[in-house]
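Residue numbers (our numbering), protein chains in the order written: chain A, 414 to 717; chain B, 414 to 717.
Glycine included, each C-beta is placed from N, C-alpha and C at the ideal position.
As structure tokens, then:
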């Protein structure tokens, strides 16, 4: 009997669960509203237990909202840590799921999982160095360098990059409770809504909101290019469904780099350099399955 | 007879050459002014040929000013590529040296070499994720992530990060010929000199130049922390010899992060997080020897 892999895209409003082998072979899926940790984790366990009644699970992967602790050697490995989401701070996510299902569990940030999904099956196949960004309710990113996800001390928090903000031309203060006018404070979905007084998705494609949005995103992309020298940048999330952003972003990135980085991949093939996700809106859950595949072959060490 | 390793810190004004085993065992060294490629490369070859008359060389490492091509599979591997330095654009550095000395040659940017030196013998010993920055005539950086240097498409160009610049408070246009007020344009040694009308090293420690300098550098550090989540940031170069910058930089980084990244390494131990180089002003040449050690065990592939 084929062993399946389980994936959970553990978001702040819903958990998307799936069991299968990859994007083209999903055997079961479920959407669970994110309520309390107890309820939500139990519903996810119930779903995978039902899967296990018909097919064995080789491993499970979880890409979670955060901040999280993804360091296998840490005492709080597998926890959502200091999230402002009520009831969820310091929640052990991996522990109860591993105990209930008795399978290896891979765990990382939602954006790192999504990056892995795009690397395995999406727009970054075969690339060892790339960035996945999501621009939506929040802004976040996952980075692959030399074929490995970057964690470092904790994990990247790319959404909060500080970008040039000309308050003369744009007096908007930004909405980030920590930094005011960081990237997330200037360019996330809620920032657009606060600035223009209506939900981002109701603004027409020729609204000046999008020019400003492309400008701030381009400044962040330039900084990411200068820091990481990625081979591609994959941009997903609700805001990036405004596809008119892509051509303008590409122009603005070239303009801001101003010929400094002389790479054909950027200077000549930018349409193929800054791209939408290959997995559409499913990078996260398929990425969680990619995490499960990793966990099956090299299970994360347990805390010692 | 002990085999030695050769290192060249190939700078725009001088090449520092050394042969030995590491920082505490240097058998010979030389400083060669950077004139024409032909003359400079020949002088370096002459130095190492002389070394070879008394001790065999196991390998050589070169950390070079750039931009360079550090990709072993590229046709222009080992070249200085699009540098504005007269006479040096498209110069094959590795080729003639490897041919003359008949040893494996490792090649990377000057800052990547320096990062490697600090990782091997300096302030980043044992760390798999850190950033080395140099703030001097130019600004540049090398990044280790998961124990490996980041190259990606080309190599990082951290000096040109775009940082918030309030032209109301600070109308200085910046000196970068590509970007005007990028980090290098605002905070390099020449930028300080242009802004204040006198060389940076002649400004007293309580001059307002240093508060402004710490501010711009702190904004870049915050972006690097959010992107790379390093375990330490090592800052060298002429400007950082103004040691009064360190305590102020640490304060400003904490202020700008504003509690968002909850890691004890940052929140509680910042004095140990943002630090001067362990190898003083020699990170570059010792780093080149570290590159040689790598080349001896796993020689870079030759272009195919």
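Per-residue DSSP class, three states only, for residue i
i              : result
residue 717(A) : Residue placement at residue 717(A) is poorly supported in this model, since its pLDDT is 41, which falls under 50; the coordinates are not used for a value here.
residue 518(A) : strand
residue 588(A) : coil
residue 563(A) : coil
residue 619(B) : coil
residue 602(B) : helix
residue 426(A) : coil
residue 474(A) : strand
residue 504(A) : strand
residue 672(B) : coil
residue 488(A) : coil
residue 509(A) : helix
residue 634(B) : helix
residue 692(B) : coil
residue 613(A) : helix
residue 628(A) : helix
residue 608(B) : helix
residue 550(B) : coil
residue 498(B) : coil
Endpoints, the beta strand (DSSP E) within which residue i is located
i              : result
residue 418(B) : 417-423
residue 595(A) : Careful: residue 595(A) lies outside any beta strand (DSSP E) and carries neither H nor E.
residue 647(A) : 646-649
residue 442(A) : 438-446
Extent of the continuous alpha helix (DSSP H) run through residue i
i              : result
residue 455(A) : 450-467
residue 696(B) : 696-710
residue 583(B) : That residue, residue 583(B), is in no alpha helix (DSSP H); it is neither H nor E in DSSP.
residue 533(A) : 523-534
residue 657(A) : Segment: none, residue 657(A) is in no alpha helix (DSSP H) and carries neither H nor E.
residue 678(B) : 677-680
Below-8 Å beta-carbon distance, residue i vs any chain D residue
i              : result
residue 535(A) : Looking for chain D here will not work: the only protein chains present are A and B.
Bridge partners - residue i, DSSP secondary structure assignment
i              : result
residue 556(A) : 544(A)
residue 481(B) : 493(B)
residue 433(B) : 418(B) and 439(B)
residue 571(B) : Note: residue 571(B) sits in no beta bridge, so no partner.
residue 666(A) : Partner(s): none; residue 666(A) has no beta bridge.
residue 687(A) : 646(A)
Selected residue, minimal CA-CA separation from residue i, among the options
i              : options                           : result
residue 708(A) : 414(A), 652(A) and 420(A)         : 420(A)
residue 504(A) : 555(A), 489(A), 518(A) and 517(A) : 489(A)
residue 531(B) : 462(B), 689(B), 682(B) and 492(B) : 689(B)
residue 564(A) : 524(B), 558(B), 566(B) and 562(B) : 558(B)
residue 542(A) : 568(B), 545(B), 653(B) and 535(B) : 568(B)
residue 444(A) : 486(A), 434(A), 458(A) and 435(A) : 458(A)
residue 523(B) : 666(B), 422(B) and 703(B)         : 422(B)
residue 619(A) : 650(A), 655(A) and 471(A)         : 655(A)
residue 722(B) : 651(B), 648(B), 599(B) and 617(B) : Because chain B in this structure spans residues 414 to 717, residue 722(B) falls outside the shown range and cannot be described.
residue 547(A) : 669(A), 584(A) and 687(A)         : 687(A)
residue 621(B) : 678(B), 562(B) and 583(B)         : 583(B)
residue 721(A) : 613(A), 464(A) and 673(A)         : Outside the displayed span of chain A (414 to 717) sits residue 721(A), for which this structure offers no information.
residue 425(A) : 711(A), 675(A) and 500(A)         : 500(A)
residue 593(B) : 704(A), 670(A) and 498(A)         : 670(A)
residue 520(A) : 487(A), 635(A) and 632(A)         : 487(A)
residue 434(A) : 534(A), 452(A) and 673(A)         : 534(A)
residue 432(A) : 578(A), 712(A), 701(A) and 711(A) : 701(A)
Please list the residues of the stretch 626-639 of chain A that have a C-beta atom closer than 7 Å to any C-beta atom in chain B, keeping them in chain order. 632, 635, 636, 637 and 639
Give the residues from the stretch 557-573 of chain A that approach chain B closer than 7 Å (Cβ to any Cβ), ordered along the chain. 558, 559, 561, 563, 564, 565, 566, 567, 568, 569, 570, 571 and 573
Residues of the stretch 593-604 of chain A with a CB closer than 7 Å to any CB of chain B: list them in chain order, please. From the stretch 593-604 of chain A, no residue has a Cβ closer than 7 Å to chain B.
Can you pull out the residues from the stretch 664-678 of chain B whose beta carbon lies closer than 9 Å to at least one beta carbon of chain A? Listed in sequence order: 669, 670, 671, 672, 673, 674, 675, 676 and 678.
Taking beta-carbon pairs under 7 Å, can you tell me which members of the stretch 640-657 of chain A lie near chain B? Within the stretch 640-657 of chain A, the residues whose Cβ lies closer than 7 Å to some Cβ of chain B are 640, 641, 642, 643 and 644, listed in chain order.
Residues of the stretch 542-554 of chain A with a CB closer than 7 Å to any CB of chain B: list them in chain order, please. Cβ contacts with chain B come from 542.
Which residues, in order along the stretch 492-516 of chain B, keep a beta-carbon less than 8 Å from a beta-carbon of chain A? Those residues of the stretch 492-516 of chain B that come within reach of chain A (Cβ to Cβ, closer than 8 Å) are 494 and 495.
If contact means a Cβ-Cβ distance below 8 Å, which residues of the stretch 580-591 of chain A contact chain B? 580, 581 and 591
Output needed in chain order: residues of the stretch 419-452 of chain B with a Cβ under 8 Å from some Cβ in chain A. none
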